[in-house]
Amino acid sequence: MKTLTFHVSGTHCASCKIFIEDTLNEQIGINRTNVDLKREIVSIDTTLDESQHKLAEILTEKIKHNGYSLSVEKKTRERKDNGVIWQALPIGLAFLALFFIIQKSGVLNFGLGGTVTPVTSFIIGLVASVSSCLAVVGGLVLSLSATVSQDKISDVKPMMLFHGGRLISFAVLGGVLGAIGSAIGISFTLTAILGIIASVVMIVLGLNLVGLFEKNLIALPSGFFSFFRKVEHKTIAPFLVGVGTFFLPCGFTQAMQVAALSSGSFLSGLLIMTAFALGTLPMLALLSFGSASFAQSKHSPLFFKSAGVLVIGLGAFALLAGLAGLGIIDPLFNI
Amino acid sequence: MQKNTIISIIISVAIIGGTLYFVSDRTTPSGTQSQNVEIRDGVQYVTVTAKGGYSPRTTQLKGGLPTKLIVKTDGTYDCSASLAVRSAGFQKILQPTGEEIIDLGTPKSGEKVQGVCSMGMYNFAVNFN
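Chains as they are written, first to last, in the numbering used here: chain A, 1 to 335; chain B, 1 to 129.
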């Protein structure tokens, strides 16, 4: 038994520690892996006879798909990261400004008279996906997708599950609303609280994407991130988040829920809500699969940081608006 | 590097300032008596249109009169359709097209009734004085 230490690169998040330790401990002949994030050092106890250089290669093979690598000598880490945030800040803010200007311009406020058919609800879905609802639902999708693709490169399974969950819940719950009629009252307070939870999650993930936690400026218990990591690995979690978007505060969703409610049958309620969810799909799919493909490009640090800035802004907006909606603070916005 | 940082900060501040200027309210409260107010049989009716926000944003009313708030919708599917008027204990998702009459009771002078959409991004106020 000997103890070896390696330098590790690519550890960008607190949850990386848990991931590397778990992965290396699975290897035969390796015990007590310990990752020191601050010093970027991995120490292991091993009974294997290979040289330290050979071991570094073998172990890197196990974790390189996730963007980490081990080396005996400390790699001089390119410190281009520092400059990236200064490029990302204006980019993120520019998208944020674009969002507010679109809302304020009123181009989204066209009327759709008459009864709601699946066709009109599809169009309403298209509009909703770029409306103020984007602040909550879109921001959540972007922050989760960017976080997932930052940790696990090129894995679109959680995103497929998320969108699947969203479509299925809209279809089924829309049908239920149509069948039961007014029996389900969708509580204002409940949706507002969910919206506030979503915006807090967005802000935290946004800060993480920007890289504030990385440099230990803010010490969060690593349990928080290990929770997220577990959530990512579970099949059910992204699916449930998708289902949950049915209840997130969004005026368009609520109007469609009322339309489904008054439609009078399971099938018509299902059609209305499914068409609405399909209408919102292009924009949301663009956000989530866009993050996945950006994550693989060479601009990924810029993308993650820009997305982080954007998500923090949307999250702060949704949080303040949500608190105003609950009557806790005076409304600050009227866009 | 230092230069880029400064440029970045300048651009960021410009974007934030420009957006705040664009988004902020520049509507000045107009006149003392608003046009959307009608008094019938001693009851004061105030009409607010809900579509892509609420208009008018603020209404001045006389205090001490029984008051009813009429919220009109016309093909409204956005957030303004899900209205909460907390002081009146009113929370409802309005029909896309129609009128909703909300009883505000008899507010005294100096009171303020505020309506917010469920996401909190649209609001309106009725002031009594």
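Idealized CB from N, CA, C, for every residue including glycine.
Should Q114 of chain B be labelled buried (16 or more other beta-carbon atoms within 10 Å of its own) or exposed? buried
Against D78 of chain B, what residues of chain A qualify as contacts under a CB-to-CB distance less than 7 angstroms, listed in chain order? N109, S131, G251 and F252
If you measure from the beta carbon of K104 of chain A to each beta carbon in chain B, is any gap under 8 angstroms? Under the 8 angstroms criterion on CB atoms, K104 of chain A is classed as interfacial with respect to chain B.
Between the Cα of T19 of chain B and those of A:L4, A:K38 and A:L98, spot the shortest distance and give me the residue it belongs to. A:L98
For N208 of chain A, count the other beta carbons within 10 Å of its own beta carbon; 16 or more makes it buried, fewer makes it exposed. Which is it? buried
By Cβ distance below 7 angstroms, which residues in the same chain neighbour K2 of chain A in space, the five residues on each side in sequence not counted? T46
Would you mind reading off the limits of the beta strand (DSSP E) that contains G264 of chain A? Segment: none, G264 of chain A is in no beta strand (DSSP E) and carries neither H nor E.
Range of the contiguous beta strand (DSSP E) that encloses L167 of chain A: Run containing L167 of chain A: none in the beta strand (DSSP E); it sits in the alpha helix (DSSP H), K157 to I180.
Quick one: grab the DSSP three-state call for I328 of chain A. coil
State yes or no: is the C-beta of A318 of chain A within less than 8 angstroms of the C-beta of A135 of chain A? yes
Is R86 of chain B helix, strand or coil by DSSP? helix
How many whole angstroms separate the CB atoms of V243 of chain A and S169 of chain A, which I take to be in contact at a CB cut-off of 8 angstroms? 4 angstroms
When you compare only the Cα positions, how much space is there between G42 of chain B and T67 of chain B? Taking the straight line joining both Cα atoms gives about 9 angstroms.
Across which residues does DSSP place I101 of chain B in a beta bridge pair? B:I70
Cβ of L310 of chain A less than 8 angstroms from any chain B Cβ? no
H163 of chain A: buried (16+ other C-beta within 10 angstroms of its C-beta) or exposed? buried
At which residues does the alpha helix (DSSP H) containing T120 of chain A begin and terminate? P118 to A128
Is the region 59-79 of chain B touching the region 93-108 of chain B in the sense that three or more CB pairs, one from each, lie closer than 8 angstroms? Inter-segment contact for the region 93-108 of chain B and the region 59-79 of chain B is present: three or more beta-carbon pairs are separated by less than 8 angstroms.
Report the option in A:E21, A:L89 and A:Q52 whose CA atom is closest to the CA atom of S8 of chain B. A:L89
Note down, in chain order, every chain B residue with its Cβ under 7 angstroms from the Cβ of L93 of chain A. Contact of L93 of chain A with chain B by beta-carbon distance below 7 angstroms involves S12, I15 and I16.
Using a C-beta to C-beta distance shorter than 7 angstroms, which residues of chain B count as neighbours of L89 of chain A? S8 and S12
Could you tell me the alpha carbon to alpha carbon distance between S9 of chain A and T5 of chain B, rounded to whole angstroms? 26 angstroms
I need the straight-line Cα distance from I91 of chain A to G138 of chain A, nearest angstrom please. 17 angstroms
Have a look at the DSSP bridge pairing and note the partners of D41 of chain B. DSSP output for D41 of chain B lists no bridge partner at all.
Cβ contact check for the region 281-288 of chain A and the region 198-206 of chain A: 3 or more pairs under 8 angstroms: no
Cross-chain neighbours of I93 of chain B in chain A, by beta carbon under 8 angstroms: Those within 8 angstroms of I93 of chain B in chain A are I186, Q254, A255, Q257 and V258.
If you draw a straight line from the alpha carbon of I41 of chain A to that of P158 of chain A, how long is it in whole angstroms? 30 angstroms
Please list, in chain order, all residues of the same chain as Q150 of chain A whose beta carbon is under 6 angstroms from its beta carbon, the five residues on each side excluded. When the five nearest sequence neighbours on each side are left out, the beta carbons in the same chain lying within less than 6 angstroms of the beta carbon of Q150 of chain A are those of F304, in order along the chain.
Can you confirm whether T32 of chain B, when its beta carbon is compared against all beta carbons of chain A, has any partner nearer than 8 angstroms? Because the pLDDT of T32 of chain B is 47, which lies under 50, any placement of that residue in the model is unreliable, and the number read from its coordinates should be weighed accordingly. Cβ-Cβ to chain A under 8 angstroms: no for T32 of chain B.
Against T191 of chain A, what residues of chain B qualify as contacts under a CB-to-CB distance less than 7 angstroms, listed in chain order? S118
For a cutoff of 8 angstroms on Cβ pairs, would you count S109 of chain B as touching chain A? No, S109 of chain B does not count as interfacial toward chain A.
Taking the alpha carbon of A14 of chain B as the point to measure from, which residue in A:A94, A:V311 and A:K17 has its own alpha carbon closest? A:A94
Report the rounded CA-to-CA distance for N66 of chain A versus G175 of chain A, giving the unit in angstroms. 41 angstroms
Please compile the residues from chain A whose C-beta is within a distance smaller than 8 angstroms of the C-beta of N36 of chain B. Chain A residues near N36 of chain B: none, gap ~17 angstroms exceeds 8 angstroms.
Could you pull out every residue in the same chain whose Cβ sits closer than 6 angstroms to the Cβ of G17 of chain B, ignoring the five residues on either side in sequence? none
Which residues in the same chain have their Cβ closer than 7 angstroms to the Cβ of K98 of chain B, if we skip the five residues on either side of it in sequence? In the sequence as displayed, the identity of residue 98 of chain B is Gly instead of Lys. T73.
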